[in-house]
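Please read the structure below before turning to the comments.
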Amino acid sequence: MFHVDLDDLADLVLDPDATPEAVRTHVASCPACRDRLDALLDVRRLADGEPLVAPPDRVRDRVLAQVRDADPGAGTADGRRPLSVAGAPAEARRSRNRVPVWAAGLAAGIALVAGLGLGRLTGDAPATPEATDPGTVVAAADLTALDSDAARGVASAVEKDDTLTLRVSAEGLDDSDGVHEVWLINTDGKRMVAIGFLASGDTGQFDVPLGLIEQGYRIVDISVEPDDGDPTHSGVSLARGELA
Amino acid sequence: MVTGVREFEEQDDVVRSLAARLVAGDESALEVIYDRWSALVHTYALRALGDAHDAEDVTQQVFVAAWRSRHTLTPSASALPAWLIGIARHKIADVREARARDARRSEAVAALPVLDAVDQSADGEVAERLVVRQAVDELPDPRRTIVLLAFWQGLSHTEIAETVGLPLGTVKSHVRRGLIQLHQQLEGVRHVPR
Chain A
1 MFHVDLDDLA
11 DLVLDPDATP
21 EAVRTHVASC
31 PACRDRLDAL
41 LDVRRLADGE
51 PLVAPPDRVR
61 DRVLAQVRDA
71 DPGAGTADGR
81 RPLSVAGAPA
91 EARRSRNRVP
101 VWAAGLAAGI
111 ALVAGLGLGR
121 LTGDAPATPE
131 ATDPGTVVAA
141 ADLTALDSDA
151 ARGVASAVEK
161 DDTLTLRVSA
171 EGLDDSDGVH
181 EVWLINTDGK
191 RMVAIGFLAS
201 GDTGQFDVPL
211 GLIEQGYRIV
221 DISVEPDDGD
231 PTHSGVSLAR
241 GELA
Chain B
1 MVTGVREFEE
11 QDDVVRSLAA
21 RLVAGDESAL
31 EVIYDRWSAL
41 VHTYALRALG
51 DAHDAEDVTQ
61 QVFVAAWRSR
71 HTLTPSASAL
81 PAWLIGIARH
91 KIADVREARA
101 RDARRSEAVA
111 ALPVLDAVDQ
121 SADGEVAERL
131 VVRQAVDELP
141 DPRRTIVLLA
151 FWQGLSHTEI
161 AETVGLPLGT
171 VKSHVRRGLI
181 QLHQQLEGVR
191 HVPR
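Structure, rendered in C-alpha cells:
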C-alpha cells in the first residue's frame with residue numbers, strides 16, 4: 001500500500017480544505033502517515049519562537065582559550081597554535097602551569113646555575129658578585145611547549161637591590177627562521193608586554209619594573225618573530241610557563 | 001521543488017563534514033560549530049535558567065565539553081545539534097541542582113522541587129522551538145521571509161503573495177518546502193539517542 005508523500009501531508013497541514021478526499025481517507029486509516037502528519041503539525045505549532053539570542057563575544061574567546069589551554073595536543077596542521085590571549089581564563093592557565101613550591105625552588109636553582117654558567121662562559125657578567133649576592137628568587141616557572149608538555153627550560157624572577165630581573169634559560173626551542181622574543185602575558189588574558197630578545201637563541205636576562213609581576217604579568221612566553229618590523233606578537237609561541 | 005531537497009542535502013553534507021572534522025580534533029571546526037550553534041545553546045540556557053550570567057557559563061561549558069568529549073560524537077548531520085542540546089541539558093541540570101542545594105542550605109524555598117519538575121518537562125519543548133527558529137533563520141530568502149510571514153505572522157498565502165510580490169503558486173510552494181525543511185531539522189534533533 002502506498003503512503004501519502006510528504007508534500008501532500010504538508011498541504012494537509014497548510015490547507016486542509018484543498019486536500020483531496022483520497023489523501024484524507026488514507027491518513028485517517030494509516031498510523032504511519034498519521035504519525036508523520038502529527039510531526040508536521042508539531043512543527044507548525046512550534047513555529048512561533050522568538051529569535052535566538054547570541055551570547056556575547058567574550059564567551060567565544062573563553063571557549064577557545066580554554067580549549068587551547070587545556071588540550072595542548074590540538075592545533076593547526078603544523079602543530080603550532082595562534083596566540084589567544086583575549087579572555088583566557090586565568091584559572092585554566094594556572095592549573096596547567098602551576099609549579100609546585102618544591103619544583104619552583106628547583107627550577108630557580110637550575111636557572112641560577114644556568115645563569116652562572118653563562119656568566120662564566122661569556123664573561124659578560126662578573127661571576128664573583130653574582131655568586132656572593134645572587135639576589136632573591138621571588139618566582140619561577142617551568143617552561144613547556146604549547147603543543148605538548150615537553151620541557152622548554154626555566155624562567156625565574158630575581159629581586160636584587162630593588163630591581164627585578166627575569167632570567168630565561170630555554171632549551172629545545174624550534175630552530176626555525178626568526179628571532180626569539182620574550183613576553184610577559186597578564187593572567188587576565190588581556191594584556192601583554194614584550195621584554196626583549198633571546199639574542200643568543202636560548203638564554204637571556206631582562207630587567208623589568210618591580211610591580212609588573214604583582215600586576216599579574218606572570219606568564220612567560222617565548223615567541224619566534226619573523227624579521228618583518230612588526231612589533232606585535234607573531235602568534236607563534238614556542239614555550240610558555242607561569243611564574244609562581 | 002527539487003532544489004529545496006538538494007539545498008537540504010548540501011546542508012547535511014556541510015554539517016556531517018563539520019562533525020567529522022571535530023571528531024578528528026580540528027580546532028577550526030569547533031569555531032565554525034560555535035558560530036553556528038552558540039546562539040541556540042545560549043538561548044536555551046537563557047530560557048531554562050532565566051539568568052544571563054548562568055546562561056553564558058553554560059554556553060561556555062557546553063562547547064568546552066563538546067571539544068573534550070568529541071570522540072563520543074557520531075559524525076552525522078543531525079547528530080551534531082542534537083548532541084549539543086543534550087550536553088546543554090546536562091549542564092542546565094547541573095546549574096539547577098546547584099541552585100537547589102543553595103536553596104536548601106538557606107532553607108528558603110520549600111516548593112522548589114515541584115517548580116523544578118515543571119521547568120524540566122517544558123525544557124524539551126523549549127529546545128525544539130529554538131531548533132525550529134534556527135532552522136527558519138537558516139533558510140535562504142525569499143523562503144525564510146515567506147515562512148516567517150506564514151507561520152510567525154499568520155498571514156494567508158494570498159497576503160504573502162501581495163507582500164513579497166511573488167505568484168501565489170510560488171508562495172505556496174515555498175511554504176510547503178519550508179515546512180518540510182523545518183520538519184526534517186526537528187526530526188534530526190528528536191530521533192537521536194541522548
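Read top to bottom, the protein sequences are chains A and B.
Each residue of the first sequence is one higher than the one before, counting from 1 in the UniProt record's numbering.
Each residue of the second sequence is one higher than the one before, counting from 1 in the UniProt record's numbering.
For each residue, glycine too, the CB sits at the ideal point set by N, CA and C.
Residue i at chain B interface by Cβ criterion, 8 Å
i        : result
A/VAL63  : yes
A/ASP149 : no
A/ARG34  : no
A/LEU14  : yes
A/PRO55  : yes
A/LEU146 : no
A/ASP5   : no
A/SER234 : no
Contact with chain A by residue i, beta-carbon distance below 8 Å
i        : result
B/VAL175 : yes
B/SER69  : no
B/GLU56  : yes
B/THR43  : yes
B/LEU40  : yes
B/ASP13  : no
Euclidean distance between Cα positions of residue i and residue j
i                      : j        : result
B/ASP116               : A/ASP149 : Only weak support exists for where B/ASP116 lies, its pLDDT of 48 falling under 50; the value from the coordinates is given anyway. Straight-line Cα distance between these residues: approximately 44 Å.
A/ASP5                 : B/ALA79  : 25 Å
A/ALA139               : A/ALA239 : 17 Å
A/THR163               : A/GLY135 : 10 Å
A/GLY178               : A/ALA54  : 40 Å
residue 288 of chain A : A/VAL182 : Given a span of 1 to 244 for chain A in the structure shown, any question on residue 288 of chain A remains unanswerable.
A/ALA22                : A/HIS3   : 11 Å
B/ASP94                : B/LEU84  : 15 Å
B/THR163               : B/VAL171 : 11 Å
B/GLY178               : A/ASP174 : 54 Å
A/ALA65                : A/THR203 : 28 Å
A/ASP7                 : A/VAL13  : 10 Å
B/ARG143               : B/ILE87  : 31 Å
B/ALA24                : A/ARG218 : 33 Å
A/HIS233               : A/PRO226 : 10 Å
B/ALA20                : B/GLY188 : 17 Å
B/ALA39                : B/GLY124 : 17 Å
A/ALA18                : B/VAL64  : 50 Å
B/ARG70                : B/ALA29  : 11 Å
A/ARG36                : A/LEU9   : 8 Å
B/LEU155               : B/ALA161 : 10 Å
A/ALA170               : A/GLY153 : 4 Å
B/VAL58                : A/GLU50  : 20 Å
A/ALA28                : B/ALA48  : 37 Å
A/ARG24                : B/TRP67  : 47 Å
A/ASP38                : B/PRO167 : 29 Å
B/ARG36                : B/GLU138 : 10 Å
A/ILE222               : A/ARG191 : 15 Å
B/ASP54                : A/ASP61  : 17 Å
Listed by chain order, chain B residues near residue i by CB distance under 7 Å
i       : result
A/GLY49 : ARG129, LEU130, VAL132, ARG133
Partners in chain A for residue i, counting only beta-carbon separations shorter than 7 Å
i       : result
B/GLN60 : VAL59, ARG62, VAL63
B/VAL64 : VAL63, GLN66, VAL67
Integer-rounded CB distance, given that residue j should sit under 8 Å from residue i
i        : j        : result
A/VAL168 : A/ALA155 : 5 Å
A/LEU243 : B/ARG133 : About 48 Å; that fails the 8 Å criterion.
A/VAL208 : A/LEU166 : 5 Å
A/ASN186 : A/GLY235 : Going by Cβ atoms, the distance from A/ASN186 to A/GLY235 rounds to 17 Å, so no, they are not a contact pair.
Interface residues of chain B facing residue i [CB-CB closer than 8 Å]
i        : result
A/ARG44  : PHE151, LEU179
A/ALA39  : HIS183, LEU186, GLU187
A/LEU164 : What A/LEU164 touches in chain B: nothing, since even the nearest Cβ is about 35 Å away.
Neighbour list for residue i in chain C, Cβ cutoff strictly below 9 Å
i       : result
A/ASP11 : This model lacks chain C altogether; the protein chains it does include are A and B.
Partners in chain A for residue i, counting only beta-carbon separations shorter than 8 Å
i       : result
B/LEU46 : VAL53
Contact set between the segment 19–37 of chain B and chain A, restricted to residues whose Cβ is under 9 Å from the partner: GLY25, ASP26, GLU27, SER28, LEU30, GLU31, TYR34, ASP35
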